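Student:
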Amino acid sequence: MRGAEVIITEGGAIRQEGAPVAKPHRFEAMIVRLLTRAGLVSQQGPAVTVYVDEELFFCKQLSLPVKLSSIKQAIGYQLDMLLPFPEGSCLSGYAAERRNKETGVTIYALPEEAITPHLQALTQNGHSLAGLFPLSQRYLSRVQAKKKWALLLPGVMATLLTFANGRLHQRLLCPSLPTVEEAKELSGCDTVYFPKAAEGSGFADADALLADEPLGKAFNLLPASYRRPDYFKLCIAGLALLNLLSLFVLLGMKEYRFQSTSSRVAAEIASLQPSMKKINALLSEESRSQKEITRLEEIGRNPDLLVLLTNLTVKLPPTAYLEQLRMEKKEAAVLYLDGYADDMGEMSANLQGLGEVSLKSTSRRNNKNYFKMEINLP
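In structure tokens form, the structure reads like this:
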């Protein structure tokens, strides 16, 4: 929606268009009310966009090399030579468009003395200023941004402006008002708009372009001292900065917690190291003891040799003689006896009390009875 518009004509008259006032964003309105109540800003009326008749502007179109590092710097060097006004006595703005082998630049300039009284009158009446544009920018909207079309503005010298892709491509001053065919030929466009075009003239009615909100991007010559702060954008920037600071604080808190936790863990590990060494030593000792127990369990229970030899001495007949005594551990303890005796039967009977006696072999040599005997001990 368009806001209030003021058009400054060649005669210096101010004509305010009866467009509906665009409502600001509700957050912006709330911020303005708060700042007004706090006394930080003064109470202002609705925002007004100021348009100046094309005849009041000095306009210059030129081409610059496409490989310039800074268009703004290059224009700044030539601006004083291009403008027919003393330095610091005019308002100027430019728009640049990159083309195939060059950069097209359009410069608009306006004497301050011709516009400052009108701006002061508006601000003294309580209005805030949204922008200061050439009149042709009033007809450039988003709907027409991607089209190629022409606009013919009447005046002492008619102005024919050609727009392409939302940019001013060409601006021609005509000594007399051209016909629609001449305007199409000069602009290279199939459609030429004219304010309040009469039926049958061949021109499209330019007033139909006023139904859409203007782009308001190029050639805003409003001095910085008259620009109203965009509180909504400032609020968004403040919130973004606050979110960024909150993010840094959150990251800092997480890093602090991580470092604090790491320090506590390191301190706990250092305090537990002596205990862990003792535990490891005890575990090692336990492992060795367990291995020794397992080894002893595998060996099993050995017979009491002292008791065994005492019983063997008592039970052997007086006439028996042992040449070899051997004991082995297999499934059970086995006692091997080698020797000789006069009476084998008596010896076998006497040794039955030691365990299961088994006579493996006997032989007679040198008038002696030799034997090999096994006793499975209980």
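Each residue of the sequence shown is one higher than the one before, starting from 55 at the first, in the working numbering. Even for Gly, the Cβ is constructed at its ideal location relative to N, Cα and C. For clarity, every value in this text was computed on a predicted model and none was experimentally measured.
#1: In the DSSP assignment, what are the bridge partners of Glu151?
#2: Which residue comes first and which comes last in the alpha helix (DSSP H) that contains His433?
#3: Less than 8 Å between the CB atoms is what I'm expecting for Lys378 and Asp392, so what's the real figure, rounded?
#4: In angstroms with no decimal places, state the Cα-to-Cα distance between Ser415 and Met427.
#5: Is it a yes or a no for the segment 196-216 touching the segment 247-255, going by three-plus beta-carbon pairs under 8 Å?
#6: Going by the DSSP bridge assignment, what does Pro188 pair with across the sheet?
#7: Roughly how many angstroms lie between the CA atoms of Pro165 and Leu118, to the nearest whole one?
#8: In the DSSP assignment, the alpha helix (DSSP H) including Leu391 goes from what residue to what residue?
#9: Which residues in the same chain have their Cβ closer than 7 Å to the Cβ of Val234, if we skip the five residues on either side of it in sequence?
#10: Pick helix, strand or coil for Ser415, following the three-state DSSP scheme.
#11: Can you round the beta-carbon distance between Gly242 and Thr213 to whole angstroms, since I take them to be within the 8 Å contact cut?
#12: Am I right that Arg282 and Ser182 are in contact with their C-beta atoms under 8 Å? What's the rounded C-beta distance?
#13: Considering only residues of the same chain and omitting the five flanking positions on each side of Val197, which have a CB-CB separation below 6 Å?
#14: At a cut of 8 Å, does the segment 217-225 reach the segment 148-161 through at least three beta carbon pairs?
#15: Per DSSP, what are the beta-bridge partners of Cys144 in this structure?
#16: Tell me the DSSP secondary structure of Phe312 in three-state form.
#17: Look at the alpha carbon of Val159 and the alpha carbon of Leu116, and state the distance between them as a whole number of angstroms.
#18: Do you know how far the Cα of Leu336 is from the Cα of Ser325?
#19: How about Leu194 and Leu269: are their beta carbons less than 7 Å apart?
#20: Could you check how far apart the C-beta atoms of Leu370 and Asn420 are, in whole angstroms? I think they sit under 8 Å.
#21: Considering Glu236, what are the terminal residues of the alpha helix (DSSP H) in which it resides?
#22: What is the DSSP secondary structure of Phe302, counted as helix, strand or coil?
Tutor: From the atom records:
#1: Looking at the DSSP assignment, Glu151 forms a beta bridge with Gly158.
#2: Past the edges of the chain, shown from 55 to 432, lies residue 433, and the structure says nothing about it.
#3: This sequence places Gln at residue 378; Lys is not what is there. Between Gln378 and Asp392, the beta carbon gap of about 4 Å places them in contact (Cβ cut-off 8 Å).
#4: Annotation: Ser415 to Met427 spans about 7 Å, alpha carbon to alpha carbon.
#5: Flag = yes, the segment 196-216 and the segment 247-255 touch.
#6: Answer by DSSP bridge pairing, in chain order: Val106.
#7: Each residue's Cα considered, the two are about 25 Å apart.
#8: For Leu391, there is no enclosing alpha helix (DSSP H); the residue is found in the beta strand (DSSP E) stretching over 387-394.
#9: Closer than 7 Å at Cβ, skipping near neighbours: Val246, Ser255, Gly256, Phe257.
#10: DSSP places Ser415 in the strand class (E or B) of the three-state scheme.
#11: No, Gly242 and Thr213 are not in contact; Cβ-Cβ is about 16 Å, not under 8 Å.
#12: Indeed, because the Cβ distance is near 4 Å, the residues count as touching under 8 Å.
#13: Once the five neighbours on either side are set aside, the close Cβ partners of Val197 are Asp266.
#14: Proximity of the segment 217-225 to the segment 148-161 meets the contact definition, three or more beta-carbon pairs being nearer than 8 Å.
#15: Answer is Pro165, bridged to Cys144.
#16: Correct three-state label for Phe312: helix.
#17: CA-CA distance, Val159 to Leu116, rounds to 5 Å.
#18: Straight-line spacing of the CA atoms in Ser325 and Leu336 works out to 18 Å.
#19: Result yes, Cβ atoms of Leu194 and Leu269 sit closer than 7 Å.
#20: With a Cβ gap of about 20 Å, Leu370 and Asn420 do not count as contacting.
#21: Per DSSP, Glu236 is one residue of the alpha helix (DSSP H) stretching across 234-241.
#22: Helix.
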